[in-house]
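Colleague: Take a look at the following structure, please.
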């Protein structure tokens with residue numbers, strides 16, 4: 522008889538903030554958040570539990586957080602440090618099982634099915650993880666347990682994070698705990714999907730799980746159109762905790778999108794000539810990432826948010842290129858066209874560009890009227906220079922303008938200071 526899998530989703534509490542509190546014992550009893558203290562318009566990347574008790578939330582503006590909590594200690598992020606700590610935690614997990622799959626910088630799946638005999642019980646493995654990670658890094662870990670990855674993830678997010686002992690097991694014996702939760706607590710259900718479900722009369726996760734799949738598909742078609750069958754099956758399986766995907770060592774997810782975005786300082790990006798430098802930088806970065814991963818994309822998407830303080834607007838639009846591409850002049854022309862067609866003219870606060878419908882770049886379409894091969898060789902040469910001498914070794918002249926960010930971001934990791 523095949524044993525039921527035992528899968529953990531181990532999560533580090535307030536990861537960035539916990540790393541900083543461990544590095545600064547003088548802040549042990551103070552509210553701490555990670556962000557750029559010099560930019561009140563910047564966002565909070567993480568907040569410690571004490572800061573959260575004072576009302577500070579992740580992704581809010583630094584100025585808003587300080588207004589709620591004047592004694593908040595805001596520490597500039599150190600991304601290389603966080604990456605190093607994450608790798609150290611991975612080594613601790615790998616000493617328990619060789620099946621460790623990173624989900625994010627602070628969350629990892631572990632399949633401990635084969636490790637239980639060595640440790641005696643599931644609970645003992647959790648205690649080993651929590652103790653070793655705490656001693657090595659000063660960070661408290663929460664662990665959700667389930668027979669599938671999806672149940673382990675929802676066990677962590679909805680239950681383990683709230684339990685004093687930081688663990689929770691979710692399986693067939695207590696699925697009612699999950700099914701009683703509001704539908705927005707289901708994995709991958711955000712605001713728009715929640716609205717759809719509520720209009721369908723499905724207020725809890727159990728309302729979806731108890732439906733026959735065929736009935737759920739019919740409801741989804743009425744609400745979202747006849748192309749919604751795949752979505753319906755995904756959400757129905759998620760509600761029931763069905764997930765056959767194994768835990769596989771390392772990052773295993775197939776790339777479906779290559780993107781890049783920026784939160785922009787309000788009031789600085791008013792006219793198109795202000796916006797164009799950052800738009801070009803995003804195009805260049807998306808194309809560079811695509812080349813590095815060996816993909817070209819056929820669909821270009823642009824998302825933006827804008828406001829003048831009284832009126833707010835936003836859009837997300839996409840278009841299909843004639844041929845897949847990762848060349849900045851081809852991608853940039855499509856991005857500019859989409860942006861100018863849908864921008865309302867208000868000051869920009871966010872800009873996002875993505876490349877989808879990806880194909881391998883080992884085969885590409887030539888053009889009688891444009892030497893694409895020459896353009897590709899040129900971009901690859903630029904990539905080699907940047908890889909060797911840094912991202913700022915070659916930048917566009919427009920990035921030297923006030924609204925360009927390329928020089929500053931060249932010495933950062935993921936947009937944050939190392």
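Numbering (this note's numbering), first residue to last: 522 to 939.
Glycine included, C-beta positions come from ideal geometry on N, C-alpha and C.
#1: Can you give, in chain order, each stretch of the alpha helix (DSSP H) that sits fully within the segment 780-838 and has at least 4 residues?
#2: Excluding sequence positions up to five away, which residues of its chain have a Cβ less than 6 angstroms from the Cβ of residue 914?
#3: On the CB-based measure, 16 or more other CB atoms within 10 Å of its CB, does residue 684 come out buried or exposed?
#4: For residue 747, which option in 670, 738 and 534 has the closest C-alpha, if you only look at C-alpha atoms?
#5: First and last residue of the beta strand (DSSP E) that includes residue 689?
#6: Just to confirm the assignment, what range does the beta strand (DSSP E) spanning residue 879 have?
#7: Note the first and the last residue of the continuous beta strand (DSSP E) segment covering residue 975.
#8: Ignore the nearest five residues each way along the sequence and tell me which others in residue 778's own chain have a CB closer than 8 angstroms to its CB.
#9: Along the beta strand (DSSP E) that carries residue 904, what are the first and last residues, could you check?
#10: Cα separation between residue 599 and residue 805?
#11: Along the chain, where does the beta strand (DSSP E) containing residue 554 start, and where does it finish?
#12: Quick check on residue 605: buried or exposed, where buried means 16 or more other Cβ atoms within 10 Å of its Cβ?
#13: Would you report the Cα separation of residue 924 and residue 761, rounded to the nearest angstrom?
#14: From the DSSP output, in three-state form, read off residue 860 for me.
#15: Just checking my contact of residue 552 with residue 583 at CB under 8 angstroms: how many whole Å lie between their CB atoms?
#16: Is it buried or exposed, residue 629, if we count other Cβ atoms within 10 angstroms and call 16 or more buried?
#17: Which stretch, first to last residue, makes up the alpha helix (DSSP H) that contains residue 562?
#18: I'd like the list of long-range same chain contacts for residue 687, defined as Cβ closer than 7 angstroms, with 5 residues on each side in sequence excluded.
#19: Between which two residues does the alpha helix (DSSP H) containing residue 770 stretch?
#20: Apart from the five residues on each side of it in sequence, which residues of its chain come closer than 7 angstroms, Cβ to Cβ, to residue 798?
#21: Should residue 588 go down as buried or exposed, given a rule of 16 or more other Cβ atoms within 10 Å for buried?
#22: Could you say which of 563, 592, 562 and 564 lies nearest to residue 574 if we only look at CA atoms?
#23: My understanding is that residue 562 touches residue 757, with C-beta atoms under 8 angstroms, so please give their C-beta distance in whole angstroms.
#24: Looking at the unbroken alpha helix (DSSP H) that takes in residue 630, where does it start and where does it end?
#25: Nearest to residue 462 by alpha carbon, out of 892, 677 and 721?
#26: Are residue 823 and residue 838 close, meaning C-beta to C-beta below 7 angstroms?
#27: At 4 residues or longer, and completely inside the segment 567-591: list those alpha helix (DSSP H) runs for me, N to C.
#28: Can residue 856 and residue 808 be called in contact, C-beta distance under 7 angstroms?
#29: If I'm right that residue 564 touches residue 811 with Cβ under 8 angstroms, what's the distance once you round it to whole angstroms?
#30: Taking 7 angstroms as the cut-off, decide whether the C-beta atoms of residue 870 and residue 826 are in contact.
#31: To the nearest angstrom, how far is the alpha carbon of residue 868 from that of residue 832?
#32: Which of the three DSSP states, helix, strand or coil, is assigned to residue 669?
#33: Return the CA-CA distance between residue 701 and residue 726, expressed in angstroms with no decimal places.
#34: In chain order, what residues of the same chain have a beta carbon less than 7 angstroms from the beta carbon of residue 640, not counting five sequence neighbours either side?
#35: Does residue 529 pass the burial test, meaning 16 or more other C-beta atoms within 10 Å, or should it be called exposed?
#36: By the 10 Å Cβ neighbour count, where 16 or more other Cβ atoms means buried, how is residue 541 classified, buried or exposed?
Modeller: Checking against the coordinates, here is how it stands:
#1: Scanning the segment 780-838 from its first residue to its last, the whole alpha helix (DSSP H) runs of 4-plus residues come out as 793-814.
#2: Numbered from its first residue, the chain shown carries residue 914 at position 393. Counting only Cβ-Cβ distances below 6 angstroms, and skipping sequence neighbours, we find 906 and 907.
#3: Residue mapping note: residue 684 aligns to position 163 of the chain shown, counting from 1. Flag for residue 684 reads exposed.
#4: In the chain shown, residue 747 corresponds to position 226, counting from 1. Of 670, 738 and 534, the residue nearest in Cα terms is 738.
#5: Within the chain shown, the letter at position 168 stands for residue 689. Residue 689 -> beta strand (DSSP E) spans 688-690.
#6: Taking the first residue of the chain shown as 1, we reach residue 879 at position 358. Counting along the chain, the beta strand (DSSP E) containing residue 879 begins and ends at 869-881.
#7: Past the edges of the chain, shown from 522 to 939, lies residue 975, and the structure says nothing about it.
#8: On the chain shown, position 257 is the one that residue 778 refers to. Closer than 8 angstroms at Cβ, skipping near neighbours: 875, 876, 877 and 879.
#9: Here residue 904 corresponds to residue number 383 of the chain shown, with the count starting at 1. It is not in any beta strand (DSSP E) - residue 904 instead sits in the alpha helix (DSSP H) that spans 893-910.
#10: As a first step, residue 599 is located in the chain shown; it is residue number 78 there, counting from the start. As a first step, residue 805 is located in the chain shown; it is residue number 284 there, counting from the start. The alpha-carbon atoms of residue 599 and residue 805 are separated by roughly 25 angstroms.
#11: For the purposes of this step, residue 554 is taken as the residue at position 33 of the chain shown. First-last of the beta strand (DSSP E) with residue 554: 553-555.
#12: One-based indexing of the chain shown puts residue 605 at position 84. The residue in question, residue 605, is exposed, as its Cβ has fewer than 16 Cβ neighbours within 10 Å.
#13: Here residue 924 is taken as the residue at index 403 of the chain shown, counted from 1. Here residue 761 is taken as the residue at index 240 of the chain shown, counted from 1. Approximately 49 angstroms, taken between the alpha carbons.
#14: Within the chain shown, the letter at position 339 stands for residue 860. Of the three classes helix, strand and coil, the one that applies to residue 860 here is helix, per DSSP.
#15: Numbered from its first residue, the chain shown carries residue 552 at position 31. Numbered from its first residue, the chain shown carries residue 583 at position 62. 13 angstroms between Cβ atoms; not a contact.
#16: To locate residue 629, count along the chain shown from 1; it is residue 108. Residue 629 comes out buried.
#17: Locating residue 562 in the chain shown gives position 41, counting from the first residue. Segment: none, residue 562 is in no alpha helix (DSSP H) and carries neither H nor E.
#18: Working through the chain shown from its first residue, we reach residue 687 at position 166. Excluding sequence neighbours, residue 687 sits near 651, 661, 662, 663, 664 and 681.
#19: Taking the chain shown and counting its residues from 1, the one referred to as residue 770 is at position 249. That residue, residue 770, is in no alpha helix (DSSP H); it is neither H nor E in DSSP.
#20: Reading the chain shown from its first residue, position 277 is the one you call residue 798. Excluding residues within five positions, the ones whose Cβ falls inside 7 angstroms are 919, 920, 922, 924 and 925.
#21: Here residue 588 refers to the residue found at position 67 of the chain shown. It is exposed - the Cβ of residue 588 has fewer than 16 other Cβ atoms within 10 Å.
#22: Here residue 574 refers to the residue found at position 53 when the chain shown is read from its first residue. Among 563, 592, 562 and 564, the Cα nearest to that of residue 574 is on 592.
#23: In the chain shown, the residue the question calls residue 562 occupies position 41. In the chain shown, the residue the question calls residue 757 occupies position 236. That belief does not hold up - the Cβ atoms of residue 562 and residue 757 are roughly 42 angstroms apart, past 8 angstroms.
#24: To locate residue 630, count along the chain shown from 1; it is residue 109. Unbroken run through residue 630 is the beta strand (DSSP E), 628-632; no alpha helix (DSSP H).
#25: Shown here, the chain extends from 522 to 939; a query on residue 462 therefore has no answer.
#26: For the purposes of this step, residue 823 is taken as residue 302 along the chain shown, with counting starting at 1. For the purposes of this step, residue 838 is taken as residue 317 along the chain shown, with counting starting at 1. Yes, the Cβ-Cβ distance between residue 823 and residue 838 is below 7 angstroms.
#27: 570-574 and 583-589
#28: Your numbering for residue 856 matches position 335 in the chain shown. Your numbering for residue 808 matches position 287 in the chain shown. Going by beta carbons, residue 856 and residue 808 fall outside the 7 angstroms limit.
#29: As a first step, residue 564 must be located in the chain shown, where it is residue number 43. As a first step, residue 811 must be located in the chain shown, where it is residue number 290. Not a contact, Cβ separation roughly 26 angstroms.
#30: As a first step, residue 870 is located in the chain shown; it is residue number 349 there, counting from the start. As a first step, residue 826 is located in the chain shown; it is residue number 305 there, counting from the start. Yes, they are a contact pair.
#31: If you number the chain shown from 1, residue 868 lands on position 347. If you number the chain shown from 1, residue 832 lands on position 311. Rounded to whole angstroms, residue 868 to residue 832 spans 10 angstroms at the Cα level.
#32: In the chain shown, residue 669 corresponds to position 148, counting from 1. Coil.
#33: By 1-based counting over the chain shown, the position of residue 701 is 180. By 1-based counting over the chain shown, the position of residue 726 is 205. Roughly 7 angstroms between the two C-alpha positions.
#34: As a first step, residue 640 must be located in the chain shown, where it is residue number 119. Apart from the 5 residues on each side of it in sequence, residue 640 sits with its Cβ closer than 7 angstroms to the Cβ of 646 and 649 in its chain, given in chain order.
#35: One-based indexing of the chain shown puts residue 529 at position 8. Result: buried.
#36: Taking the first residue of the chain shown as 1, we reach residue 541 at position 20. Per the 10 Å Cβ criterion, buried.
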